[in-house]
Amino acid sequence: MNDSEKQTIVFIPRNFIEKGTFMGGMFKIRNAIEGGILAVLIAVPVIQLPLSLTVRIIILCMTALPAAMISLIGIGGESISAFLMNALRFLKNRRVIYRIDVNPDPKNKHRIKKPRNKEPKAKKHKHPKKKSTASMTASGQSDEYEGCVSDEISSHDVAISKKKERRQFDTSTKRGIRKQAREDIRILKYENRQLKKAQKQAKRAVRTELKRQKQEEKRRVREENRQKKAEIKATKQADKEREHPASDINTAPASSKPKKKKRRDMTLEDYLPIEKIANGVIYTTDHRYVKILEIEPINFLLRSTREQQSIIFSFISYLKISPVKLQIKMISKKADINKHLNQAQLELERETDPNCRQLQKDYIQFVRRLSSREAVSRRFFLIFEYEPFNVNRKVEETEILAALETAAQTAKTFLYQCGNEVVSHDNEDEFTTDVLYTLLNRTKSTEVPLPKRINQVLTRYEETGREAEMDAIHINEFIAPESVDFKHSNYVLINGVCLLFRWSAWTKNFTNFPNAIH
1 MNDSEKQTIV FIPRNFIEKG TFMGGMFKIR NAIEGGILAV LIAVPVIQLP
51 LSLTVRIIIL CMTALPAAMI SLIGIGGESI SAFLMNALRF LKNRRVIYRI
101 DVNPDPKNKH RIKKPRNKEP KAKKHKHPKK KSTASMTASG QSDEYEGCVS
151 DEISSHDVAI SKKKERRQFD TSTKRGIRKQ AREDIRILKY ENRQLKKAQK
201 QAKRAVRTEL KRQKQEEKRR VREENRQKKA EIKATKQADK EREHPASDIN
251 TAPASSKPKK KKRRDMTLED YLPIEKIANG VIYTTDHRYV KILEIEPINF
301 LLRSTREQQS IIFSFISYLK ISPVKLQIKM ISKKADINKH LNQAQLELER
351 ETDPNCRQLQ KDYIQFVRRL SSREAVSRRF FLIFEYEPFN VNRKVEETEI
401 LAALETAAQT AKTFLYQCGN EVVSHDNEDE FTTDVLYTLL NRTKSTEVPL
451 PKRINQVLTR YEETGREAEM DAIHINEFIA PESVDFKHSN YVLINGVCLL
501 FRWSAWTKNF TNFPNAIH
């Protein structure tokens, strides 16, 4: 094999202009600072321990050194503080966002209890205890109490009241004296209890009355303030009408209170960071300008070694002058063979030879059988955004569009040297909208194409009587998916489809996956 036909390995150097790193980009300055702080916070208490030097060094090697190393390396390519902040941000923002036309009814926070079908249990009748004669006399309610009790309860209470009456014993004997003394003590305790109970009831009644008076006073003051405010507002309104008698301003009545605006639930139309699409450029809500180019791929492995080297060197030349923020994206989905089958069907109808007709029928069946299993179409896109040279200088929109168009022409020139062609479209805005709709609706885009989705949105506006707003429909209403589930840390659910994000690196194996890769 000649030297020109040998395979050569070309290394694409890493970006050494990356900010915030040292030692050739090996470590990040933020990680080093966090590692030093964490090591100091652990080392200071350990050094002050009343232990020998050897023991303290061992403890430092087992605590401060591993913590500093972990902080220096980071977790998942991020510093510890950034990782913790992202974890807290994820826990705060984990939710499911819906499109406005499929947004389910919000769940009632206060559920109304439905009436039970079961019959209520019969309550056991408890005999109320009758108050003593002294307390009844003090409260003045003995007559009412006697009138509301039944005959059975009254007979039972008479027996209890007899026990509370003072009994007399024969005091001529020692035994009678002791019994009479116990009876006197019992009656004295009972009277003390009844007196304390009456005092508590009196205090409670006084507190209740004071509380009621305070509430009445507050209510009266509140009503007076409300009336004063209404009078002041009416006076101002009258003065305003006197100054502007011909004004057609719709004013609310003076007695009405201004209603607070309720916080509207976020929908996917509000969540998508797209402001508009114009001139083939995506205007984002954070004031960025993104452009998408569709590239026709080539089969790199079928090229000769010399052609492969020429393609690699041409691509390296483009990377040297390409925008810094550059993304290569691929969308794979089942191939649409309807046009091809329609053309084959037309040729079959025109064919007169029976043998050729049979061959064409077999060919159509073969294409259908093959497309149901292996037919996958892939589209490749080059995405870049505008980057100002001077951040402090205010740039006009025309300059931004001119810079993006220049970058697109440069990419077209260098990729043509690699054998790739940039696909041109009649309507760049429609192409960009279709790409975004396909990216956000991986499964729905095949069932509901973009034109059908646009008709659905327009029909919804007509049904709700909003024909006047049809000219100002936001682009997000056309491209937004039905739902996005952010409740999981490893993947995202878009329209019920699980999307897992991984770095593909520079490998051809990812481009040969089925239609679930993009």
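Residue numbers are given in the UniProt record's numbering: position 1 of the sequence shown equals residue 1, and the series is strictly consecutive. C-beta atoms are modelled at their ideal positions from N, C-alpha and C, and glycine is treated no differently.
Report the three-state DSSP secondary structure of residue i (helix, strand or coil).
i           : result
Asp-485     : strand
Lys-394     : coil
Ala-480     : coil
Ser-371     : helix
Gln-327     : strand
Arg-466     : coil
Lys-200     : helix
Cys-418     : coil
Ser-81      : helix
Tyr-437     : helix
Ser-255     : Low per-residue confidence applies at Ser-255: pLDDT is 44, beneath 50, and the placement is therefore not dependable, though the value from the model is reported in the following sentence. Ser-255: coil per DSSP, three-state reduction.
Val-149     : Here the model assigns Val-149 a pLDDT of 41, short of 50, so the residue's position is not dependable, and the following value carries that caveat. Coil.
Val-46      : helix
Lys-19      : coil
residue 525 : Past the boundaries of the shown model lies residue 525; the chain is included only from 1 to 518, so the question cannot be answered.
Glu-385     : strand
Thr-284     : strand
residue 519 : Nothing in the structure corresponds to residue 519, since the chain is present only between 1 and 518.
Leu-65      : helix
Val-102     : coil
Glu-165     : coil
Ile-29      : helix
Val-55      : helix
Tyr-461     : helix
Ala-134     : Note that Ala-134 has pLDDT 42, beneath the 50 cutoff, so the model's placement of it is unreliable and the number below is only indicative. Ala-134 falls in the helix class under three-state DSSP.
Val-492     : strand
Val-221     : helix
Val-448     : coil
Val-40      : helix
Pro-128     : Bear in mind that a pLDDT of 49 at Pro-128, under 50, signals an unreliable position, so the model cannot answer this.
Val-96      : strand
Ile-475     : coil
Val-206     : helix
Taking C-alpha atoms, which residue in the options lies nearest to residue i?
i           : options                            : result
Ala-32      : Ala-67, Ile-57, Thr-54, Ile-58     : Ala-67
Asn-342     : Lys-361, Thr-438, Leu-188          : Lys-361
Ser-317     : Thr-406, Gln-417, Glu-399          : Gln-417
Leu-415     : Glu-447, Thr-305, Val-324, Leu-293 : Leu-293
Lys-276     : Ile-479, Cys-498, Phe-90           : Ile-479
Ala-402     : Arg-442, Tyr-491, Lys-291, Arg-94  : Lys-291
Lys-325     : Tyr-289, Gln-199, Leu-301, Ala-43  : Tyr-289
Pro-451     : Leu-60, Arg-222, Asp-434, Ala-408  : Asp-434
Gly-76      : Asn-490, Asn-441, Arg-212, Leu-499 : Asn-490
residue 531 : Glu-231, His-488, Leu-404          : Not covered by the structure: residue 531. The range shown for the chain is 1 to 518.
Ile-337     : Gln-308, Arg-369, Arg-226          : Arg-369
Ile-73      : Ile-58, Met-26, His-287, Ile-57    : Met-26
Lys-28      : Thr-54, Gln-168, Arg-186, Ile-70   : Ile-70
Lys-179     : Ala-468, Lys-394, Arg-167, Leu-188 : Arg-167
Ser-322     : Leu-359, Thr-352, Leu-404, Gly-465 : Leu-404
Cys-44      : Leu-60, Thr-54, Val-55             : Note on residue identity: the sequence assigns Val, not Cys, to residue 44. The option with the nearest alpha carbon to Val-44 is Leu-60.
Ala-408     : Gln-215, Lys-203, Glu-428          : Glu-428
Leaving out five residues on either side along the sequence, give the residues of the same chain with a beta carbon under 6 Å from the beta carbon of residue i.
i       : result
Asp-248 : Below a pLDDT of 50, predicted positions are generally treated as unreliable, and Asp-248, at 46, falls in that range; the measurement from the model is reported next regardless. Taken in chain order, the list of residues that qualify is empty.
Ala-39  : Ala-64, Ala-68
Thr-251 : With a pLDDT of 43 at Thr-251, under the threshold of 50, the predicted position of this residue should be treated as unreliable, though the coordinate-derived value follows. If we look at Thr-251 and ignore the five residues flanking it on each side, it has no Cβ neighbours.
Glu-477 : Glu-269, Val-457
Ser-424 : none
Glu-482 : Arg-99, Val-102, Asn-495
Ser-79  : Arg-30, Asn-31, Glu-34
Phe-300 : none
Can you name, in chain order, every residue of its own chain whose Cβ lies under 7 Å from the Cβ of residue i, other than the five neighbours on each side?
i       : result
Gln-141 : Confidence is the limiting factor: at Gln-141 the pLDDT is only 46, short of 50, which leaves the residue's position unreliable, though a coordinate-based value still follows. So no residue of the chain qualifies.
Glu-421 : Glu-296
Ser-445 : Tyr-437, Thr-438
Thr-432 : Ile-277, Gly-280, Ile-282, Ile-292
Asp-170 : Gly-176
Asn-441 : Pro-481, Asn-495
Thr-443 : Asn-495, Val-497
Can you give me the Cβ contacts of residue i inside the same chain, cut-off strictly under 8 Å, excluding the 5 residues immediately before and after it?
i      : result
Lys-19 : none
Does the region 339-357 come close enough to the region 452-460 that 3 or more CB-CB pairs lie under 8 Å? Contact fails: fewer than three Cβ-Cβ distances are below 8 Å.
Okay, do the region 280-298 and the region 372-391 touch, 3+ Cβ pairs below 8 Å being the bar? Three or more beta-carbon pairs drawn from the region 280-298 and the region 372-391 are found closer than 8 Å, and the two stretches are therefore classed as touching.
Is the region 264-273 touching the region 91-100, taking contact as three or more C-beta pairs under 8 Å? The region 264-273, when compared against the region 91-100, does touch it at the 8 Å Cβ threshold.
Please specify which runs of the beta strand (DSSP E), each continuous and at least 3 residues long, are wholly inside the region 299-356, giving them in chain order. Fully enclosed beta strand (DSSP E) runs of 3 or longer: 326-334.
Does the region 326-337 come close enough to the region 363-382 that 3 or more CB-CB pairs lie under 8 Å? Yes, since at least three Cβ pairs between the region 363-382 and the region 326-337 fall closer than 8 Å, the two stretches touch.
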